[in-house]
Amino acid sequence: MKPVRVGICGFGTVGGGTFNVLGRNSKEITRRTGRAIVVEQIAQRRPNINCDTGDTSITDDIFAVANNPNVDVLIELIGGHEPAKELVLTAIRNGKHVVTANKALIAVHGNEIFEAAAKHNVVVAYEAAIAGGIPIVKAMREGLAANSIDWLAGIINGTGNFILTEMRDKGRAFADVLQEAQELGYAEADPTFDVEGIDAAHKLTILSSVAFGIPLQFDQCYTEGISKISAQDVANAESLGFRIKHLGLTRRTSEGIELRVHPTLIPEKRLIANVNGVMNAVLVEGDAVGPTMYYGAGAGAEPTASSVIADLVDIVRDMSLDQTVRMPSLGFSPETMSDSPILPMEKVVTAFYMRMNVSEKPGVLAQITQILGDAGISIEAIRQHTHVSAQVPVIILTRPVVEGHMNSAIAAIEALADVNGEVTRIRVENLGG
Ligand code: HSE
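Residue numbering for the sequence shown follows the working numbering, beginning at 914 and increasing consecutively.
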């Protein structure tokens, strides 16, 4: 059978990893596909010093690859919105299948791209866009296809998890760890995407659509980063039996779909609370299977290449079987997509960790607990630290509460004369099955 010819657009960390793994494992991959895969052309801005590209055709024009009649599959690894979107749409219009690792592209423009792919009967595969090497799209779209998925929660940004882990284990400074993550090739070109949760929100948006069969709605995803997490909160969480993780969480409720990324206290005994460093994990609760968890490297050259090539292998198998009926991009037939709304954060129910500095005098705690009681908020635990000055830190853990009620209660607490400064609040999730 004729080899399948691929064009790689973008030859940085993931592009280089993809080229090297394709070369190193070509025999094993061909045993799986029954057909050779050759890299026909590479579009790069500069040579990748980790790759020996030999006599492979090289260009600096990505659209030359999308318009190259000898390319069957275009692998898009340039990232970002434009020109990635136009590149992918050009490849689709030219009848090429596409593999992409571009989460921003899929989260924001996926609805349009998938519609174009269906119209031209080509595949747009995006496993590598979420959680690096973990085959989470495949697991949900195929392995869990029998289930009605109730919720999923994931640590889906390796850089953020690496930073939180190093801060907790080694007491390292935020900026120092971030720089190391950049040097290791984990971080986004703009690392605020990692630390402010945008990268995780892109990935969660895609996961939510694959889980529930809803259109991609990145603009509706609540996004809060880790840049305000203090060493004090990390230590307090530990002492209460929790870990702080940057979590993406999406849940089906009778009122709509929760779609939210934020720092979260998780009981330390949960498996997912012990996912450290650049590792990612996604915990999926299906009604038939119960809880399942998927764990692996969330970033880096070859882990991400592993997902890129897995998608490519699927496409090559489809091509060899002369498949003309394609799996729907999100795993649900387009005409059955759900119109469940995304639930506003004000209506989301979670427990809360609160930290506040109060004056050391009688009756202050009584005023605070009165406000919480009046708002119908039940207290799970309360801790007042030994005072070393006129200011005393008070930590409160609540039972689950509607977020809108918590917002009003916090505003009332902050208005008290003996509560100084802002109340720090972090959501708490039990993540029990
Ligand atoms: N910056 C991303 C991360 C890379 O740290 O997880 C993988 O998407």
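Quick reminder that beta carbons are idealized off the backbone N, C-alpha and C, glycines included.
Keep in mind the model is a prediction, meaning the values are calculated, not measured.
Beta carbon of THR1013 nearer than 9 Å to that of VAL1037: yes
Leaving out the 5 sequence neighbours to the left and right, which residues in its chain are closer than 7 Å to ILE971 when beta-carbon positions are compared? ILE955, GLN957
Please name the residue, chosen from ARG959, ASP968, ILE962, PRO960, that lies closest to VAL952 on a Cα-to-Cα basis. ASP968
Determine the closest residue to ALA1030 out of ALA1017, PHE976, LEU1000, SER1219, with distance taken between C-alpha atoms. LEU1000
Less than 8 Å between C-beta atoms, sequence neighbours within five positions excluded: which residues of the same chain meet that for PRO1313? VAL1262, THR1263, ALA1264
Does the count of Cβ pairs from the segment 1264 to 1273 and the segment 1234 to 1253 closer than 8 Å reach three? no
If you draw a straight line from the alpha carbon of GLY1209 to that of ASP1224, how long is it in whole angstroms? 17 Å
Cβ pair ILE1179, MET1206 closer than 9 Å: no
Nearest neighbour of GLY1071, chosen from LEU990, ALA1214, ARG1173 [CA to CA]: ALA1214
Alpha carbon to alpha carbon, what distance is there between LYS1009 and ILE1222? 16 Å
Relative to the alpha-carbon of ASP973, which residue among ASN961, PRO982, ASN983, ASP965 has its alpha-carbon at the smallest distance? ASN961
Cβ-heavy atom distance, VAL1191 to ligand 1, below 8 Å: yes
Can MET1319 and ALA1279 be called in contact, C-beta distance under 9 Å? no
Ligand 1 and ILE1047: does the residue's C-beta get closer than 8 Å to at least one heavy atom of that ligand? no
Starting from the Cα of MET914, find the closest Cα among SER1122, GLN1095, THR943 and give me that residue. THR943
In chain order, what residues of the same chain lie with their CB nearer than 7 Å to the CB of PRO1306, ignoring the 5 residues before and after it? ARG1268, ASN1270, HIS1298
Let me know the secondary structure DSSP gives PHE924 once reduced to three states. coil
Residue interval of the alpha helix (DSSP H) (run including ARG1230): 1214 to 1233
Would you check if the distance between the CB atom of ARG1173 and the CB atom of TYR1135 is smaller than 9 Å? yes
Going by the C-beta, is GLY1209 closer than 8 Å to any heavy atom of ligand 1? no
Using a Cβ-Cβ cut-off of 6 Å (strictly less than) and excluding sequence neighbours within five positions of ALA1150, which residues of its own chain qualify? ILE1157, LEU1178
Neighbourhood of ARG1183 by C-beta distance below 7 Å, restricted to the same chain and skipping five residues each side: LEU1344
Compute every distance between the C-beta of ALA1031 and the non-hydrogen atoms of ligand 1, then say whether any falls below 8 Å. no
To the nearest angstrom, how far is it from the Cα of VAL1188 to the Cα of THR1078? 9 Å
Find the nearest neighbour of MET1348 within the set ILE1127, ILE1049, THR1166, GLN1092, judged by alpha-carbon distance. Since the first residue shown for the chain is 914 and the last is 1346, residue 1348 is missing from the structure and cannot be characterised.
Uninterrupted beta strand (DSSP E) stretches inside the segment 1038 to 1097 (no shorter than 3 residues): 1062 to 1068
Touching by the beta-carbon criterion (3+ pairs, under 8 Å), the segment 990 to 997 and the segment 922 to 935: yes
Boundaries of the alpha helix (DSSP H) in which GLU1028 is found, first to last residue: 1016 to 1032
In chain order, what residues of the same chain lie with their CB nearer than 6 Å to the CB of VAL1021, ignoring the 5 residues before and after it? PHE1131
Return yes when the C-beta of THR943 is under 8 Å from any heavy atom of ligand 1, and no when it is not. no
With a threshold of 16 other CB atoms inside 10 Å of the CB of GLY1286, please say whether the residue is buried or exposed. exposed
Tell me which residue opens and which closes the alpha helix (DSSP H) that ALA1324 is part of. 1316 to 1327
Between which residues of its own chain and ASN983 is the CB-CB distance below 6 Å, once the five residues before and five after are set aside? ARG918, GLU953
Considering only residues of the same chain and omitting the five flanking positions on each side of ILE1005, which have a CB-CB separation below 6 Å? ALA1029, ALA1030, HIS1033, VAL1035
Anticipated Cβ contact below 8 Å, ASP1063 with GLU1198, distance rounded: 5 Å
Tell me GLN1236's beta-bridge partners as DSSP assigns them. Note: GLN1236 sits in no beta bridge, so no partner.
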